[in-house]
Amino acid sequence: MKILVVEDELKTGNFLKQGLLEAGFGVDLARDGDDGLHYALTDAYDLVVLDVMLPGIDGWAVLQGIRKSGKDMPVLFLSARDQVDDRVRGLELGADDYLVKPFAFSELLARVRTLLRRGGKTTESEFLRAANLELDLMRRRVSRSGKRIDLTAKEFALLELLLRRQGEVLPRSLIASQVWDMNFDSDTNVIEVAVRRLRAKMDDGFEPKLIRTVRGMGYVLEASECD
Amino acid sequence: MRLSGRRSMTVRLTMLFALSSTVVLLLLGNLIAGSLERHFEEQDMEVLTGKLKLAQHALERVRSTVDLGVLPQHLDDSLVGHHGLELVVVAPEGQILFATSGAEFPQSLLESHVRVDSARPIVWTTKGNHPLRGISALARTGIKDAQPVVVAVATDISHHEHFMSSFRITLWSFVALAALLTGFLGWLAVRRGLAPLQAIRHEAAGITAHRLDSRLSADAVPVELAELVEALNEMLARLEDSFRRLSDFSSDIAHELRTPVTNLLTQTQVTLSKARASDEYCDVLASNAEELERLSRMIADMLFLARSDNDLVIPDREPLDLIDEVKGLFEFYEALAEEKSIVLTCSGSGVVSGDRLMLRRAISNLLSNALRHTPVGGRIAVHVDDTGDSVVKLSMENPGDSIAREHLPRLFDRFYRVDSSRQRLSEGAGLGLAITRSILRAHGGEAVIRSERGTTVCELNVPV
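Line by line, the protein sequences give chains V and W.
All residue numbers for the first sequence refer to my numbering, where the first residue is 85 and numbers rise by one.
All residue numbers for the second sequence refer to my numbering, where the first residue is 472 and numbers rise by one.
Shown next as structure tokens:
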């Protein structure tokens with residue numbers, strides 16, 4: 085998977101590149117709009133991360149250039165302003181998602197993965213599994229090593245989210261918005277408590293431990309064999 | 472200064488002043504000229520009717536056609552001493568019985584149907600360019616069974632005309648002069664009258680951002696301007712208040728940012744000062760990330776507040792049952808409440824038209840706040856009530872330490888904390904309630920809080 089990052093701010097650009105490389109993507113970094121458009125049109129990318137405020141031609145123009153050339157890879161734009169106009173404009177011009185600066189890298193990574201998954205295969209399986217954990221989507225049942233675990237509806241939704249995105253660190257804000265529809269900054273203590281309670285039900289007394297806290301970033305469900 | 476489209480008040484008042492005095496003078500002039508002319512006419516009429524009577528008298532003495540021979544002699548006698556007087560006597564058949572030399576009368580005056588009592592003088596000009604005023608009448612002669620003759624008499628009025636035309640010239644030049652003079656005097660008066668405005672302008676020019684506490688002196692201005700000055704002073708007071716809030720806000724921001732930034736900096740520098748195990752680096756970075764996340768949330772909140780202050784927060788309205796939103800939020804806060812053995816209850820119902828995301832956020836902030844202040848084992852009760860007065864009232868009641876009365880009005884101010892020494896971590900950034908109020912205001916509603924005897928009640932009044 086190859087990602088093009090168009091970002092003029094030196095540090096932000098470098099960290100985005102490093103972070104995405106370490107997450108396993110191939111990354112090209114362009115420092116201004118003209119380079120960005122040139123890269124996007126000459127090479128094949130699976131996704132473009134595009135800053136709006138750029139020297140040379142701005143992000144909007146790059147986005148238009150990309151869409152005009154008939155390329156339809158997902159574009160995620162980064163806006164410094166939390167303005168509705170900006171969002172609407174970006175989405176109208178054919179962007180697929182946006183993030184407002186400052187954003188958490190884990191949030192960006194989660195969005196990037198969502199966008200890349202979109203358009204891919206969406207075969208809906210009936211079961212989600214990790215190690216000895218099994219989630220029966222049809223019957224809304226959870227079991228570990230064949231042992232039935234009772235979860236509340238929200239706990240089930242939380243576990244389903246973590247399972248669907250195994251190995252991804254999910255930021256608290258993303259969890260709040262996906263599970264509880266809290267699409268704004270809310271009390272993140274709540275997520276901590278909810279995850280703790282979920283863990284108590286499905287990790288305590290079982291091996292391996294599946295849900296791990298990544299300090300400063302969020303939570304990840306991983307069936308790591310080594311532990 | 473822009474000239475087009477705007478006229479000076481001085482010019483306008485001066486013009487109006489000059490115009491009105493000119494109109495008055497013109498009316499007056501016309502009145503005087505008119506009455507003078509009527510006076511001359513009356514004078515002329517006196518002479519003319521006198522002469523007409525003399526002529527009629529002379530004609531009555533004509534007993535036979537023989538007497539007609541001496542008639543001119545009689546008439547000439549009666550005209551003696553009257554310069555510029557013309558007389559003509561016309562027989563019914565149109566034959567001229569007598570005429571002064573060079574007499575020119577318009578035909579209309581000599582028609583036989585003229586009546587004495589309806590005689591109005593008419594004015595005409597002769598070929599010799601003499602203006603005349605004349606009347607005519609029927610007169611009976613002493614001859615038996617004879618038809619009455621027409622007698623017409625006219626007087627030269629050129630001396631009157633001369634007088635009137637010179638009088639008119641004098642009058643109109645005086646009017647013009649007076650108009651100019653009153654215009655000038657008006658201009659002076661207006662300038663003097665508007666002097667208080669100039670004074671206010673001078674005073675206002677001295678008010679700057681640093682001197683927002685100064686006010687225009689309302690006692691020194693005329694009554695008409697007192698209201699204006701008061702309105703301006705009220706505006707200044709509002710500006711001063713907003714300005715003070717703004718600068719308070721800036722210093723609050725600086726203060727709120729200083730602590731976490733200092734922590735971050737110190738921690739990072741201490742960590743960098745010597746080589747450490749990678750676990751330690753991880754710890755520091757993770758703690759930095761947490762701190763930075765809090766900072767970025769605070770920035771986002773402040774941006775929201777700044778936008779709402781500028782009325783840029785526009786709710787995307789849809790019909791919402793508030794109780795549904797409360798139940799949704801209860802699901803979110805459930806785990807946290809159970810940890811503290813707090814019971815969440817809700818009752819009532821009420822549909823409003825509002826922005827779902829914003830109202831959820833507003834209620835969420837209240838709930839989060841209530842959860843923080845409710846002691847273990849307490850109960851948070853939310854009640855939604857459609858007051859029927861096109862306002863839906865959502866009240867949230869929770870036990871906890873009573874908040875002192877003086878704090879209540881300021882609780883919704885940004886960064887306001889009841890206890891300034893309270894821990895930052897437990898309290899959040901202090902923007903939650905401010906955001907709640909902004910959201911309510913964007914919806915045309917209001918948020919209020921009261922607290923007594925160990926119970927705190929927050930009320931959101933949302934227009935339907």
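Using N, Cα and C, we set each Cβ at its ideal position, and we do this for glycine too.
| query | result |
| --- | --- |
| For C929(W), the residue or residues it bridges with in DSSP | M867(W) and I920(W) |
| Three-state secondary structure (DSSP) of H601(W) | coil |
| Cβ-based contacts, 7 angstroms cut-off: residues of the segment 268-293 of chain V near chain W | F268, D269, S270, D271, N273, V274, V277, A278 and R281 |
| Segment limits, beta strand (DSSP E) that includes P790(W) | E789 to D792 |
| Pairwise C-alpha distance: M706(W) and V274(V) | 45 angstroms |
| Limits of the beta strand (DSSP E) - the one that L160(V) falls within | V159 to S163 |
| Given V853(W) as reference, the closest of L837(W), D860(W), F645(W) and G859(W) once Cα atoms are compared | L837(W) |
| Residue from R924(W), V495(W) and G500(W) with nearest C-alpha to I640(W) | G500(W) |
| Proximity of L245(V) and I259(V) at Cβ, strictly below 8 angstroms | yes |
| Under 7 angstroms from the C-beta of I770(W): neighbouring residues of chain V | P186 |
| Cβ of L828(W) within 8 angstroms of any chain V Cβ | yes |
| Chain W contact for D234(V) (CB, 8 angstroms cutoff) | no |
| At least 3 beta-carbon pairs within less than 8 angstroms: the segment 779-797 of chain W vs the segment 825-843 of chain W | yes |
| Alpha helix (DSSP H) segments (min. 4 residues) lying fully within the segment 755-834 of chain W | 793-810 |
| Proximal residues of chain W, C-beta to C-beta of D135(V) below 7 angstroms | What D135(V) touches in chain W: nothing, since even the nearest Cβ is about 17 angstroms away. |
| Nearest-angstrom Cα separation, counted from R256(V) out to F187(V) | 13 angstroms |
| is_contact[G110(V), chain W] using C-beta, thresh 8 angstroms | no |
| Short Cβ contact (8 angstroms threshold) for E923(W) with S873(W) | yes |
| Residue range of the alpha helix (DSSP H) that includes G657(W) | S629 to G664 |
| Residues that DSSP places opposite V183(V) in a beta bridge | With the sequence shown as reference, residue 183(V) is identified as Leu, and Val is not the correct amino acid for it. According to DSSP, which records beta bridges pairwise, L183(V) is partnered with L162(V). |
| Chain V within 8 angstroms of F803(W), Cβ atoms only | yes |
| Host beta strand (DSSP E) of H854(W) (start-end) | R850 to D857 |
| Per-residue burial, S861(W) [other beta carbons within 10 Å of its own, 16 or more giving buried] | exposed |
| DSSP-derived helix/strand/coil call for Y123(V) | helix |
| Below-8 angstroms beta-carbon distance, M85(V) vs any chain W residue | no |
| Sufficient close CB pairs (3 or more, under 8 angstroms) joining the segment 482-493 of chain W to the segment 649-669 of chain W | yes |
| Contacts around N734(W), its chain only, beta-carbon distance under 7 angstroms, and the 5 residues preceding and following it disregarded | E762 |
| Check whether E789(W) and S824(W) have beta carbons under 8 angstroms apart | yes |
| As assigned by DSSP and simplified to three states, the class of A307(V) | coil |
| Per DSSP, cross-strand counterpart(s) of G302(V) | V298(V) |
| Any chain V beta carbon closer than 8 angstroms to L487(W) | no |
| For L791(W) and V755(W), the rounded distance between their alpha carbons | 45 angstroms |
| Cβ distance (whole Å) where I141(V) is taken to contact D118(V) below 8 angstroms | 6 angstroms |
| Residue-level contact to chain V via CB, A757(W), 8 angstroms cutoff | yes |
| Min CB distance R224(V) to chain W below 8 angstroms | no |
| Burial state of K598(W), where buried means 16 or more other Cβ atoms lie within 10 Å | exposed |
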